[in-house]
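Take a look at the structure below.
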Amino acid sequence: MSLAAASEARKTRLTALRKRKTGEATDDSAEPAFKPRNFDPETRTIKKHTRDDDVEMQDTVEKDVAELAEEIIQEDKARQAQELDVFNIAPKRPNWDLKREMDKKLSKLERRTQEAIHTLIRQRLAAQKGESDDIVGAMKAEEQQQQDLSDEED
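All letters in the sequence shown, in the order written, are residues 1 to 154 by UniProt numbering.
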């Protein structure tokens, strides 16, 4: 095959590809470029997918939902028919919910209790040193100082 013949063959293939891409008919035949696979041009409606024996395919989602709804209704009726077992409802430890609610309040009280203990300890230490602001601590500190002075004089 010569170069000229090869180039001519290539050109014809390229033009045929361009025409096929754009949707133009490559042959002079009466075949339309548009093939209605899902659309019926005569009735102007969408075709239903059919099997070989022309049985329409049923919508499986609706069928599944209907079956599931029936199953759920039957299970619900069976549960209602059973007697209510009180032991399955009651918690194993009857005061677990009280403890859960009290934990929050107890944590606040625990913090306040610790603060109160610390202040009491500080007051006692200050009273022992004689540097207290409260009246009882000051009186005890004065008595302590007087005893110390009387012991030194003797």
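We put the beta carbon where it would ideally sit given N, CA and C, even for glycine.
Item                                                                                                                               : Value
Look at the alpha carbon of D148 and the alpha carbon of L120, and state the distance between them as a whole number of angstroms. : 25 Å
Mind checking T26: buried by the 16 CB within 10 Å criterion, or exposed?                                                          : Because T26 carries a pLDDT of 49, less than 50, the predicted location of this residue cannot be relied on, and the following value inherits that uncertainty. Exposed is the call here.
When the Cα atoms are used, what is the spatial distance from E62 to L68?                                                          : 10 Å
State the beta-bridge partners of T45 as determined by DSSP.                                                                       : D40
What residue does the alpha helix (DSSP H) around K35 start on, and which one ends it?                                             : Looking at the DSSP string, K35 is not in any alpha helix (DSSP H), and its letter there is neither H nor E.
Classify R93 as helix, strand or coil using the three-state DSSP reduction.                                                        : coil
Kindly indicate which residue of E142, Q114, L109 and R112 has the alpha-carbon position closest to the one of A126.               : E142
Look at the alpha carbon of K99 and the alpha carbon of E115, and state the distance between them as a whole number of angstroms.  : 24 Å
G130 and Q145 look like a contact to me (Cβ under 8 Å); what is the Cβ gap, rounded to whole Å?                                    : 7 Å
My output table needs one value for Q82: the three-state DSSP class, helix, strand or coil.                                        : coil
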